[in-house]
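*Asks:*
In full-length UniProt numbering, the protein residues as written are 1 to 324.
1. Quick check on this structure: which residue in 196, 119, 208 and 203 has the alpha carbon closest to the alpha carbon of residue 148?
2. Using a Cβ-Cβ cutoff of less than 7 Å, which residues in the same chain neighbour residue 271 once the five nearest sequence positions on both sides are dropped?
3. Just the Cα atoms here: how many angstroms apart are residue 306 and residue 226?
4. Would you please state the rounded distance, in angstroms, between the beta carbons of residue 100 and residue 125? I believe it to be under 8 Å.
5. Please determine, among 76, 88 and 78, the residue with the shortest C-alpha to C-alpha distance to residue 49.
6. Classify residue 27 as buried or exposed, calling it buried when 16 or more other Cβ atoms lie within 10 Å of its own Cβ.
7. Taking just the CA atoms, how far does residue 265 sit from residue 156?
8. Kindly list the residues whose CB is nearer than 6 Å to the CB of residue 69, restricted to its own chain and excluding five residues on each side of it in sequence; keep chain order.
9. How about the region 230-238 and the region 247-264: do they share at least three Cβ pairs that are nearer than 8 Å?
10. Kindly provide the ranges of any alpha helix (DSSP H) runs that are 4 or more residues long and lie completely inside the region 223-263, ordered along the chain.
11. Residue 57: which of 79, 132, 287 and 160 sits nearest, CA to CA?
12. Rounded to whole angstroms, what is the Cα-Cα separation between residue 41 and residue 136?
13. I'd like the span of the beta strand (DSSP E) that includes residue 107, first residue to last.
14. Can you find at least 3 beta carbon pairs, one from the region 237-253 and one from the region 197-213, that sit closer than 8 Å?
15. Rounding to the nearest angstrom, what Cα-Cα distance links residue 325 and residue 63 in this structure?
16. Would DSSP call residue 97 helix, strand or coil?
17. Sort 276, 138, 198 and 142 by Cα distance to residue 172 and report the nearest one.
18. Below 8 Å on the Cβ atoms is my guess for residue 133 versus residue 105; work out the distance and round it to an integer in Å.
19. Under 9 Å between the Cβ atoms of residue 183 and residue 212?
20. Just to check my reading of the structure: residue 85 and residue 37 have Cβ atoms closer than 8 Å, yes? What is that Cβ distance to the nearest angstrom?
21. Please report the distance separating the alpha-carbon of residue 115 from that of residue 188.
22. Hey, could you find the ends of the alpha helix (DSSP H) residue 61 is sitting in?
23. What's the gap between the Cα of residue 14 and the Cα of residue 107?
24. Could you give the first and the last residue of the continuous alpha helix (DSSP H) run that contains residue 183?
25. With 16 as the cutoff for other CB atoms within 10 Å, does residue 71 come out buried or exposed?
26. Nearest CA to the CA of residue 168: which residue from 79, 55, 103 and 304?
27. Does the Cβ of residue 175 have 16 or more other Cβ atoms within 10 Å, making it buried, or fewer, making it exposed?
28. Could you have a look at residue 3 and say whether DSSP puts it in helix, strand or coil?
29. When the Cα atoms are used, what is the spatial distance from residue 220 to residue 214?
30. Among 164, 224 and 200, which has the Cα closest to the Cα of residue 193?
31. Specify, as a first and last residue, the run of the alpha helix (DSSP H) that residue 188 falls within.
32. Under 9 Å between the Cβ atoms of residue 301 and residue 256?
33. In whole angstroms, what is the alpha-carbon distance linking residue 73 and residue 121?
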């Protein structure tokens, strides 16, 4: 993504046609993509210090020793090691962007659409027919911070590989504030799409961003979004919903959250007022691994929430009334 000079935290949002997710089965992320990451590091001042590439399993390995990444490369050089790690992170970000475009065949769309070259811009990725296909629509919202487009977590990519650390498995089966960014994408893209069934998968701060969108665009969201899967979401219904009982009821009926927990995958974890929807275990206590661990459970849930063909939908109106 784009980090402005004032270090604003940004959020990218991706619009992906549903069919892309089911394309990813057991295939390796890097089929015919090996040795591409190494090309990014060649020619840089860290060429010899970062002799790494992703293998066919999507794991980061040293080209000579085949060992995983070692942070303490320089003896007694904490600052140097940190700089080396940041450079590696930069190359990984560029590499993931390339994978989104070359492997997932996503298009990079810059916003605001009417910004001049001198004005700050952000971007998101979407599949070719995302706005014209009348089938379902999936939107991924990642956590805030250093998390860039296509990534659940940089550290997870380095330690666990592309399968766990990137959003590519989700893709193949949001510059102002994150909230304003998502609102813009909703108004200019998602709301105008032909998709009849829209679902959100929101991780961490992305969950708070979605609830903000729901509050700001209540009727539109309720009529177009059929389900939301939260992952370790930081949203707070008691504070964000402004005591709107209809929003709270909608969350209860259309949303589910998976949280980092010691219980087995999909086991009930109880109920929290700030969440206001059923909560289940992600099958891991590690926050960075939660998205990849509950992937199958999330898509099974989203599929089960799709309305049967021909079912009459509920239409919500501004004053809170609805008709069936």
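C-beta: ideal position from N, C-alpha, C; glycine also.
*Replies:* In short, the structure shows the following:
1. For the purposes of this step, residue 148 is taken as the residue at position 148 of the chain shown. Nearest option by C-alpha distance: 203.
2. The residue you call residue 271 lines up with position 271 of the chain shown. So the list reads 279, once near-sequence residues are dropped.
3. Along the chain shown, read from residue 1 onward, the residue named residue 306 stands at position 306. Along the chain shown, read from residue 1 onward, the residue named residue 226 stands at position 226. Approximately 7 Å, taken between the alpha carbons.
4. The residue you call residue 100 lines up with position 100 of the chain shown. The residue you call residue 125 lines up with position 125 of the chain shown. So it is a contact: roughly 5 Å between Cβ atoms.
5. Residue mapping note: residue 49 aligns to position 49 of the chain shown, counting from 1. For residue 49, the nearest C-alpha among the options comes from 88.
6. Within the chain shown, residue 27 is the residue found at index 27, counting from 1. In this prediction, residue 27 has a pLDDT of 42, which is less than 50 and means its spatial position is unreliable; what the coordinates show is noted afterwards. The residue in question, residue 27, is exposed, as its Cβ has fewer than 16 Cβ neighbours within 10 Å.
7. The residue you call residue 156 lines up with position 156 of the chain shown. The residue you call residue 265 lines up with position 265 of the chain shown. When rounded, the distance between both Cα atoms is 20 Å.
8. As a working note, residue 69 is residue 69 in the chain shown. Within the same chain, residue 69 has close Cβ partners 60 and 158.
9. Touching, yes, given that three or more Cβ pairs across the two stretches are closer than 8 Å.
10. When DSSP assignments are scanned along the region 223-263, the uninterrupted stretches of alpha helix (DSSP H) that are 4 or more residues long and fall wholly within it turn out to be 237-240 and 245-254.
11. Along the chain shown, one-based indexing puts residue 57 at 57. Answer by Cα proximity: 160.
12. Mapped onto the chain shown, residue 41 falls at position 41. Mapped onto the chain shown, residue 136 falls at position 136. So the two alpha carbons sit approximately 39 Å from each other.
13. On the chain shown, position 107 is the one that residue 107 refers to. Looking at the DSSP string, the run of the beta strand (DSSP E) that includes residue 107 is 107-111.
14. yes
15. Residue 325 cannot be examined here, being either before or after the span of the chain that is shown, 1 to 324.
16. Taking the first residue of the chain shown as position 1, residue 97 is located at position 97. Residue 97: helix per DSSP, three-state reduction.
17. Taking the first residue of the chain shown as 1, we reach residue 172 at position 172. Looking at the Cα atoms, 138 is the closest of the given residues.
18. Your numbering for residue 133 matches position 133 in the chain shown. Your numbering for residue 105 matches position 105 in the chain shown. About 14 Å separates the two Cβ atoms, so there is no contact after all.
19. Translated into the one-based positions of the chain shown, residue 183 becomes position 183. Translated into the one-based positions of the chain shown, residue 212 becomes position 212. Against a cut-off of 9 Å, the Cβ pair of residue 212 and residue 183 comes out as a contact.
20. By 1-based counting over the chain shown, the position of residue 85 is 85. By 1-based counting over the chain shown, the position of residue 37 is 37. Not quite, the Cβ-Cβ distance comes to about 15 Å (not below 8 Å), so this is no contact.
21. To locate residue 115, count along the chain shown from 1; it is residue 115. To locate residue 188, count along the chain shown from 1; it is residue 188. Taking the straight line joining both Cα atoms gives about 14 Å.
22. Looking up residue 61 in the chain shown gives position 61. Element bounds for residue 61: not the alpha helix (DSSP H) but the beta strand (DSSP E), 60-62.
23. Walking along the chain shown from the start, residue 14 turns up at place 14. Walking along the chain shown from the start, residue 107 turns up at place 107. With a pLDDT of 43 at residue 14, under the threshold of 50, the modelled position of that residue is not reliable, and no figure is offered here.
24. For the purposes of this step, residue 183 is taken as residue 183 along the chain shown, with counting starting at 1. For residue 183, the enclosing alpha helix (DSSP H) has its first and last residue at 178-185.
25. Here residue 71 refers to the residue found at position 71 of the chain shown. Under a 10 Å Cβ-count criterion, residue 71 is classified as exposed, with fewer than 16 other Cβ atoms of the shown protein chains found around its own Cβ.
26. As a first step, residue 168 must be located in the chain shown, where it is residue number 168. Checking every option, the nearest Cα to that of residue 168 belongs to 103.
27. As a working mapping, residue 175 is identified with position 175 in the chain shown. Reliability of the predicted coordinates at residue 175 is poor, the pLDDT of 32 falling under 50, and no value is obtained from them.
28. For the purposes of this step, residue 3 is identified with residue 3 of the chain shown, where counting begins at 1. At residue 3, the pLDDT of 27 sits below 50, so the modelled position is not reliable; the number obtained from the coordinates is stated separately. It is coil, neither helix nor strand.
29. The residue labelled residue 220 in the question sits at position 220 within the chain shown. The residue labelled residue 214 in the question sits at position 214 within the chain shown. Looking at the two C-alpha atoms, the distance is approximately 8 Å.
30. Position 193 of the chain shown holds residue 193. Just measuring C-alpha positions, the residue of 164, 224 and 200 sitting nearest residue 193 is 224.
31. Taking the chain shown and counting its residues from 1, the one referred to as residue 188 is at position 188. No alpha helix (DSSP H) holds residue 188; DSSP gives it neither H nor E.
32. The count along the chain shown starts at 1 and reaches residue 301 at position 301. The count along the chain shown starts at 1 and reaches residue 256 at position 256. Cβ atoms of residue 301 and residue 256: closer than 9 Å.
33. To locate residue 73, count along the chain shown from 1; it is residue 73. To locate residue 121, count along the chain shown from 1; it is residue 121. The alpha-carbon atoms of residue 73 and residue 121 are separated by roughly 36 Å.
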